C-alpha cells in the first residue's frame, strides 16, 4: 500500500547488483556505515519536560529514514515515554541504569520548570533533577523543539512555573555537557535526524552563536519564501486567504531563521506560508514570549517589533 | 489484605501520568489518578491578543492540536460574530478528520498494541516478509551483541498474558510498522489544508487561510483512499481479532457509565455529523453547557472550587495539602462523565444515527455481545476503530463537496469586549474553550479538555473520576506486573498535556 521503503529499495538494489554481476562492495557505503550505528554506539535517552509531545509526534513523520529505520538502524532508543513498552517502575530502572551506564546522547523535549520543580514529575522525581543528572552523564544534549531550545510557550511572559530552556537550566546548574538547540514548534523531523546523525557519527555540527546547527537555521525564512516576489513587487495580502506577501498580516519570516519553506513539512506536502498562513516565528528564540508581540497584525501596516533573530 | 501499587509513570500515552491502585484479594479496590505536569496556559494567555489563542492553545497538545485550534477558533467565531463560508467549514472538517484518523491509528498500534501483541514471536518467524525478517534480525542481533537495553523501546515490557497465536502476533507487529506510515499519511492530509501538523497555522477565526485547488483535492483523495483501505482491511479486523482474544476485557474497566459528547464536524444544516448529548441509564438526554463546573478540592490549585468554565480560575498551589493531581475535576450536574469515541458513538447510537447504529449493532452481533459490553476496555478500542472508519468515510464526502476557488475565509474585526464559547470534540472526547475579551485583549481563557474529564481526581464530594472508577474491580494477577490495570488506563487514550494544560 505504500511506496518502496528505503529498506526495500536497498534490497532491490542488491538484487539488481547481483543480476548485473556487481559485487556487494559496490553497495551504498554511507548507508551501511549509518546502519551500524544502532548496533550499540548510538544510544539515545529521550526525556520529556514541560512538553506537548508534538516534537515526538513530528519525529514520527520522518520520511527518510522512516521511524522503523530510525529505531533499528540509526539509534538505539533506550527510553521514550510515548513509545517504550516499559511501564511504571521499569521506566525508572531504564532511566537510572542508562544514566549509570553513560555514553548516551540525551534528547530533551519540553522546557524545565526551574521555579516550580513540582510542576513536572516522573516516577516521583522532579524533571529538574532527572534532566540534571542525565545531562551530566551524556555525551551531548539535544534540546529538541521550541520549549527545550528557548523555553517556548511554558516560559512565555507571565508563566506561573518559572520555566526555562534546557541550555539555560544546565548553565544555571553548572553542567558543561555540550548542548545543541533545535528550535521549532514543532521541530522538523529532518532537523532531529540530521543533528543526531551528525553528532553521533561525525561529531558536533557547526553551530551558530545561539547553539543552533547552521545547516538548518542559517538563513531567514523570508529569504527562502515562496512569496518573496510578491514582497519585492509590494503585492501584500490585506487579509487571510488572499494572494500576496503576508508581511502586513504579521508574518515573522523576515526575522526568523529556519529552512522550513524549502524543506517543507509532512513529507514535503506544504508549508505555513504556502497555505496562506503567516509565519509565526516558531523557530525564533523569542517565539511566543512577549504578551504585546502578537502572532498576527491583521489590518495593520506596521512592521513587527521586537528582537527576533 | 490490602496492597498498594504505583504505576508511575504510565507510559505509551501523552504526557506525565501516575496511577496508584489499592488491591484487595487481587482486585483493584480503589484508584488515584495523578496528572504530573503543569504549564499554566490559561494564565499565559491572559493579556495577549485574542488571535494568539488558536496558536498558543494548539501547543497544549502535540497529538490533538487541531482540536484545540478548532475549539479556539469556534470560540473566536462566536466572539467576533463571524461564520466561515462553506469552504472554510469543509476544510476545517477535513483537517480535523485527518487528525482523528492519525490519532486513533496511533492509539491502537503505537500506544496500546504492545499490551496485547507478543513482539518476541518474531524471533521464530520463518516467512519472507522483509520487514518482519529485518525486525527478527535486529532483535536477535541486539540480544547477541549484549546491547545495554536490547530491542528498546519494544523491550523490556511488563510480564503478562500476551497473545499466544503466532499469526496474530506477527500480523500485529507488521501492522504496527504499517500504522506508522498510515498515521504519517493522515498527517500529510491534514497538512495539505492546514499548512503543517502538529500545530497547524492555517486555522483562523472566520475559516481557513488555505484555498481549495484541484491538486489538493486530488492529493487528499489519493491519500484518504490508502488510509481507508488500512482502516477497513487492517485496523478494524485487528481490533476484532484482539477483542476476540480478550473477551474478558468486555467486562473490565466499566467506569462511571455516564457519557458526554458536545458534537463535532458541522454539516451543511448546521448540525454536527456526530451529535451532542448525555448518554445515561440507556437513553440520551440533551446537553446543557451551563451544567459544567470544575472542582479543585483534590487538585493542586487554590482558586475557588465549583466554578463554571466561563468564570474559571487557575492558581497553582504545588504544595496544597490533600491534593494529588494537577488535573481539575470537571463535573456535569455534579457528576463525572466519560468522554471520547465510546461516548460519541453511544450518544449517536442512542439517537438512532443512520451510520453509527447499524455499525455498532453489527459489531455486537458479530461478537455475540449485548450493548452493556461496550462500556469496557475492549468497547473503547472497538468504538475508536469504528469511529475512525466513520470519520474517514465522511471525509470522502466532504472532499466531494469542495470546488476549486470556493471561499474558505470570512473577514472579521476583533471587538474590544466580547465572549465566546467553542465546543468541539477532540479524538479523546469533549473539548471546550471559553474566551473573554476585554480591551481588545484576552481577559480570561479556560479550557476543559477530554482527559480533564476522564483522568480527573476526586471531586469535592469525594466521587472518583472516570479512570479511577474504571480501575475498580480490575483483577491484577502479579503486583510487580500490573498489566491489566495499565490496559484499563490506556483504553481511555489519556493525554496528560491536555488534561492539565
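Chains as they are written, first to last, in the numbering used here: chain U, 1 to 309; chain E, 1001 to 1501.
From the three backbone atoms N, C-alpha and C, an ideal C-beta is built for every residue, glycine too.
Since this is a predicted model, take the numbers as computed values, not measurements.
Taking residue i and residue j to be in contact with their CB atoms under 8 Å, please state how far apart those CB atoms are, rounded to whole angstroms.
i                      : j                      : result
residue 149 (chain U)  : residue 182 (chain U)  : 6 Å
residue 1095 (chain E) : residue 1194 (chain E) : 4 Å
residue 1485 (chain E) : residue 1028 (chain E) : 6 Å
residue 1033 (chain E) : residue 1455 (chain E) : 5 Å
residue 121 (chain U)  : residue 166 (chain U)  : So it is not a contact: roughly 17 Å between Cβ atoms.
residue 224 (chain U)  : residue 190 (chain U)  : The Cβ separation is near 15 Å, so there is no contact.
residue 1254 (chain E) : residue 1375 (chain E) : 5 Å
residue 53 (chain U)   : residue 1063 (chain E) : 6 Å
residue 147 (chain U)  : residue 110 (chain U)  : 5 Å
residue 1353 (chain E) : residue 1457 (chain E) : Actually they do not touch by this definition, with Cβ atoms about 33 Å apart.
residue 1401 (chain E) : residue 1090 (chain E) : 6 Å
Is the Cβ-Cβ distance between residue i and residue j less than 8 Å?
i                      : j                      : result
residue 46 (chain U)   : residue 1148 (chain E) : no
residue 1048 (chain E) : residue 298 (chain U)  : no
residue 1143 (chain E) : residue 1336 (chain E) : no
residue 1220 (chain E) : residue 1378 (chain E) : no
residue 1496 (chain E) : residue 1017 (chain E) : yes
residue 1289 (chain E) : residue 72 (chain U)   : no
residue 194 (chain U)  : residue 221 (chain U)  : no
residue 287 (chain U)  : residue 1052 (chain E) : no
residue 1209 (chain E) : residue 1218 (chain E) : no
residue 273 (chain U)  : residue 246 (chain U)  : yes
residue 1154 (chain E) : residue 1381 (chain E) : no
residue 1058 (chain E) : residue 1065 (chain E) : yes
residue 1326 (chain E) : residue 1081 (chain E) : no
residue 158 (chain U)  : residue 1328 (chain E) : no
residue 1282 (chain E) : residue 1261 (chain E) : no
residue 196 (chain U)  : residue 44 (chain U)   : yes
residue 119 (chain U)  : residue 1037 (chain E) : yes
residue 80 (chain U)   : residue 1008 (chain E) : no
residue 200 (chain U)  : residue 136 (chain U)  : no
Can you tell me where the beta strand (DSSP E) holding residue i begins and where it ends?
i                      : result
residue 1294 (chain E) : 1292-1295
residue 1033 (chain E) : 1027-1035
residue 198 (chain U)  : First-last for residue 198 (chain U): undefined, no H or E at that position.
residue 1436 (chain E) : 1429-1438
residue 1424 (chain E) : 1418-1426
residue 46 (chain U)   : 43-48
Label residue i either buried or exposed according to how many other C-beta atoms from any shown protein chain fall within 10 Å of its C-beta, with 16 as the threshold for buried.
i                      : result
residue 1403 (chain E) : exposed
residue 1076 (chain E) : buried
residue 1040 (chain E) : buried
residue 28 (chain U)   : With a pLDDT of 44 at residue 28 (chain U), under the threshold of 50, the predicted position of this residue should be treated as unreliable, though the coordinate-derived value follows. It counts as exposed.
residue 1123 (chain E) : exposed
residue 1311 (chain E) : exposed
residue 1099 (chain E) : buried
residue 58 (chain U)   : buried
residue 1222 (chain E) : exposed
residue 1002 (chain E) : exposed
residue 1501 (chain E) : buried
residue 1479 (chain E) : exposed
residue 218 (chain U)  : exposed
residue 204 (chain U)  : exposed
residue 238 (chain U)  : exposed
residue 1493 (chain E) : buried
residue 1145 (chain E) : exposed
residue 163 (chain U)  : buried
Between which two residues does the alpha helix (DSSP H) harbouring residue i extend?
i                      : result
residue 1054 (chain E) : 1052-1056
residue 1346 (chain E) : 1341-1350
residue 1098 (chain E) : 1086-1106
residue 166 (chain U)  : 166-172
residue 1283 (chain E) : Here residue 1283 (chain E) belongs to no alpha helix (DSSP H); instead the beta strand (DSSP E) covers 1283-1285.
residue 228 (chain U)  : 228-232
residue 1166 (chain E) : 1166-1194
residue 1020 (chain E) : Careful: residue 1020 (chain E) lies outside any alpha helix (DSSP H), inside the beta strand (DSSP E) at 1017-1024.
List, in chain order, every chain A residue whose beta-carbon is nearer than 8 Å to that of residue i.
i                      : result
residue 1406 (chain E) : Absent here is chain A; the protein component of the structure consists of chains U and E.
For the region 1048-1063 of chain E, list every residue whose C-beta sits within 8 Å of some C-beta in chain U, in sequence order. Of all residues in the region 1048-1063 of chain E, only 1048, 1049, 1051, 1052, 1055, 1056, 1059, 1060, 1061, 1062 and 1063 come within less than 8 Å of chain U when Cβ atoms are compared, listed by chain position.
Residues of the region 1236-1252 of chain E with Cβ closer than 8 Å to any Cβ of chain U, in chain order: Result list empty, no residue passes.
Listed in chain order, which residues of the region 153-167 of chain U have Cβ atoms closer than 8 Å to some Cβ of chain E? Those residues of the region 153-167 of chain U that come within reach of chain E (Cβ to Cβ, closer than 8 Å) are 153, 154, 156, 157, 158, 159, 160, 161 and 163.
Would you list, in chain order, the members of the region 74-89 of chain U that have their beta-carbon closer than 9 Å to a beta-carbon of chain E? Listed by position, the residues of the region 74-89 of chain U near chain E (Cβ gap below 9 Å) are 76, 77, 78, 79, 80, 81, 82, 83, 84, 85, 86, 87, 88 and 89.
Residues in the region 234-265 of chain U having any Cβ partner in chain E nearer than 7 Å: Cβ contacts with chain E come from 239, 240, 241 and 265.
Of all the residues that make up the region 273-293 of chain U, which are near chain E by a beta-carbon distance shorter than 7 Å? Near chain E, meaning a CB-to-CB distance below 7 Å, the residues of the region 273-293 of chain U are 275, 276, 277, 280, 288 and 291.
Under 7 Å, CB to CB, which of the residues in the region 120-149 of chain U have a partner in chain E? Taking 7 Å as the Cβ-Cβ cut-off against chain E, the residues of the region 120-149 of chain U that qualify are 120, 121, 122, 123 and 124.
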